[in-house]
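Scroll down for the structure; my scribbles are underneath it.
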Amino acid sequence: MELVKYGDFGLERWFNYHGYLNKLNMQAVASARTQSDEFIKEFLVSHQKIPILVHDLIMVELWKQKVFKIILSDKEEPKSAFPLYTIIYHELLLANLLETVTFHSDAVETFGDSVTDLGDWCHRSLCYLVTQSASEKEKSVYFELKNKVSDTSNLKDLDRQYKVIEYEKGIKAITIVRHLFENCLNSDSGLPPSIGRRLLYTHDIPIILCQLLEQKPWIIIGYDKSNTQRRQHIWHENGSWIPYEKTSCVIHKPEAQIWLCLFQILLANSSSLKYDCSVSHRRTALLKLRPLLTELKLDVLPVLIDLRRFLEDLSLNESYGGTSDKINMCLIEVVPEIRESLFSKYKNKWRKLATLFKEQTESNRGKEAAKKAALQWTETFSEEHLSQLFSYSLGNSGDENPLYPTPRCPTCGEIASKRCSRCRQEWYCGRECQVKHWLKHKGACDLLAEAITSDKNSN
1 MELVKYGDFG LERWFNYHGY LNKLNMQAVA SARTQSDEFI KEFLVSHQKI PILVHDLIMV
61 ELWKQKVFKI ILSDKEEPKS AFPLYTIIYH ELLLANLLET VTFHSDAVET FGDSVTDLGD
121 WCHRSLCYLV TQSASEKEKS VYFELKNKVS DTSNLKDLDR QYKVIEYEKG IKAITIVRHL
181 FENCLNSDSG LPPSIGRRLL YTHDIPIILC QLLEQKPWII IGYDKSNTQR RQHIWHENGS
241 WIPYEKTSCV IHKPEAQIWL CLFQILLANS SSLKYDCSVS HRRTALLKLR PLLTELKLDV
301 LPVLIDLRRF LEDLSLNESY GGTSDKINMC LIEVVPEIRE SLFSKYKNKW RKLATLFKEQ
361 TESNRGKEAA KKAALQWTET FSEEHLSQLF SYSLGNSGDE NPLYPTPRCP TCGEIASKRC
421 SRCRQEWYCG RECQVKHWLK HKGACDLLAE AITSDKNSN
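Residue numbers (UniProt numbering): 1 to 459.
This is the structure in structure tokens:
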């Protein structure tokens, strides 16, 4: 498990590494859900691999911001969207794996200096989520992108998927930042105090969390799959959106994580770092949360009773929750070393990397690597493999599966029960929709079908 350089993106080494992380993530999720031996976390901790995951996370984020944007602006249709999609998806994959392992304090303490970069990544992801969920109209735009019928243009579809993943990684960042606070605000924490100062004072994460509680990006009003009526949908951790009436949760996971995070910062903070709530804009933001703490939510999370009492006291006393400036003083400001070093190393080289990526992925070597990776992808995400991993039938509990949501027809959005007979990966509700979608699906289908045929012949 070693970092893959930018020059190898889209080649066999990159695909092997991506596939390896996919399997690690799937097993880590399965172990966490069944509360069994979390040997993936133990492996990452004992072999000091978690800082590598953070380095990879920052690398891919920067590649998407620089190289992918150049590829989009060139408007040259790629012959295959698969290599680009794996890179776009790779960041979400890493975020999911880090979300799982950071639940454990011993894993968080192995971050070392890379924790600063992870904290900054969370800040950028949360800020993006705030800007994209500022109104119901903006949230509905994302929802339409999520469920949009695929365009005939690979570039347009890649741009659509890029925006969807950017939104969803913001929701993942909520849990990660909560795990960071839970550790750095603990007096026994092995994390450097600088990360707590950066999250609390430099980025003022609590203000962002307050904004997210008001905007509720995990709840969207949009047209259902049949496009007949608008209704509320709730984000599910498998990446799908479930109609509100089909859920029974009073507090949904992202919201619960934020409430617990604020409780940790304001009332369960045993470190020397204190958050000054008496500052005008902070006090205003916190007091806006009082109407959101309903009796039902207090029943589900009793610790919020203390938080509500704290907010009531804050409303009565302007100086309540204040701290001394001397306590919060930071003598040394840490910097995100990974991101800074990448910026410095590849300054004025992003265009060359974009050109190199196009040349390599369209070469015979790149095409063969993509075929092999596509075949591995189909095996990894096959129903049989996922059923065995999660020990239940996918067909009967698709909504519960964190990695394999219920198949939907890409043309009309209805639940799909029929597969493409060639590649066995795309699902349709019927023949008519399959014919309509064929021009879009043909490229990926040819790639997968050829890979399957080559594999059978070699065996």
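Using N, Cα and C, we set each Cβ at its ideal position, and we do this for glycine too.
(1) What are the boundary residues of the alpha helix (DSSP H) that includes W350?
(2) For the alpha helix (DSSP H) containing Y128, name the first residue and the last one.
(3) Closest to I195 by C-alpha separation, out of S187, I208, L180, P206, would be which residue?
(4) Based on Cα-Cα distance, which residue from E38, I52, V45, N22 lies nearest to K5?
(5) Answer yes or no: do T361 and G10 have a C-beta to C-beta separation smaller than 8 Å?
(6) Report the rounded CA-to-CA distance for L389 versus A32, giving the unit in angstroms.
(7) DSSP has W427 in a bridge; who is on the other side?
(8) Which same chain residues, not among the five before or five after R265, have their C-beta less than 7 Å away from its C-beta?
(9) Are S271 and S187 closer than 8 Å when you measure CB to CB?
(10) In or out: W438 buried (at least 16 other Cβ within 10 Å) or exposed?
(11) At a Cβ threshold of 8 Å, is R178 touching chain D?
(12) Do you know how far the Cα of L262 is from the Cα of V303?
(13) Could you tell me the alpha carbon to alpha carbon distance between L311 and E432, rounded to whole angstroms?
(14) Does DSSP put Q232 in a helix, a strand or coil?
(15) Helix, strand or coil, according to DSSP, for G190 in the structure here?
(16) Distance, Cα to Cα, I58 vs D299?
(17) Tell me whether I40 sits in a helix, a strand or coil according to DSSP, three-state version.
(18) Run the CB neighbour count on F39, radius 10 Å, all protein chains shown included, and call it buried at 16 or more, exposed below.
(19) Please confirm whether any heavy atom of the ligand ZN lies closer than 7 Å to the CB of L289.
(20) Work out the CA separation of S363 and K137 for me, nearest whole Å.
(21) So, for T86: in the same chain, excluding its five sequence neighbours on each side, which residues have a beta-carbon less than 6 Å away from its beta-carbon?
(22) Within the continuous beta strand (DSSP E) that includes I221, where are the two ends?
(23) What separation, rounded to the nearest whole angstrom, lies between the Cα atoms of I208 and V177?
(24) Counting along the chain, where does the alpha helix (DSSP H) carrying P302 start and finish?
(25) By the three-class DSSP mapping on this structure, what secondary structure does P243 have?
(26) Could you pull out every residue in the same chain whose Cβ sits closer than 7 Å to the Cβ of S397, ignoring the five residues on either side in sequence?
(27) Rank Y162, R339, I220 by C-alpha distance to the C-alpha of V54 and give the top, closest one.
(28) Using a Cβ distance threshold of 8 Å, determine whether the region 365–379 contacts the region 142–161, with at least three qualifying pairs required.
(29) Give a yes or no on whether the C-beta atoms belonging to L72 and D157 are separated by under 8 Å.
(30) Ignoring anything shorter than 3 residues, give me the beta strand (DSSP E) runs that lie fully in the region 261–322, in order along the chain.
(31) Please state if the CB of L293 and the CB of R308 are separated by a distance shorter than 8 Å.
(32) Among Q35, D56, L118, Q27, which residue has its Cα nearest to the Cα of F43?
(33) Report yes if the CB atom of L273 is closer than 8 Å to the CB atom of P193, and no otherwise.
(34) Just how far apart, CA to CA, sit I220 and L287?
(35) Could you give the DSSP three-state label for C249: helix, strand or coil?
(36) Buried or exposed for I415, going by 16 or more other Cβ atoms inside 10 Å?
According to the structure shown:
(1) 350–361
(2) 114–132
(3) L180
(4) I52
(5) yes
(6) Its pLDDT being 46, under 50, L389 is placed unreliably in this model, and the value from its coordinates should be taken loosely. Straight-line Cα distance between these residues: approximately 12 Å.
(7) R419
(8) This sequence places Ile at residue 265; Arg is not what is there. Correct list, in chain order: F181, L185, P206, Y275.
(9) yes
(10) exposed
(11) Absent from the structure: chain D. Only one protein chain is present.
(12) 11 Å
(13) 57 Å
(14) strand
(15) coil
(16) 39 Å
(17) helix
(18) exposed
(19) The ligand ZN is not part of this structure, which contains no ligands at all.
(20) 43 Å
(21) H18
(22) 219–223
(23) 11 Å
(24) It is not in any alpha helix (DSSP H) - P302 carries neither H nor E in the DSSP assignment.
(25) strand
(26) Caution applies to S397, whose pLDDT of 39 falls short of 50 and renders its modelled position unreliable; the model cannot decide the point.
(27) R339
(28) no
(29) no
(30) none
(31) yes
(32) Q27
(33) yes
(34) 24 Å
(35) coil
(36) exposed
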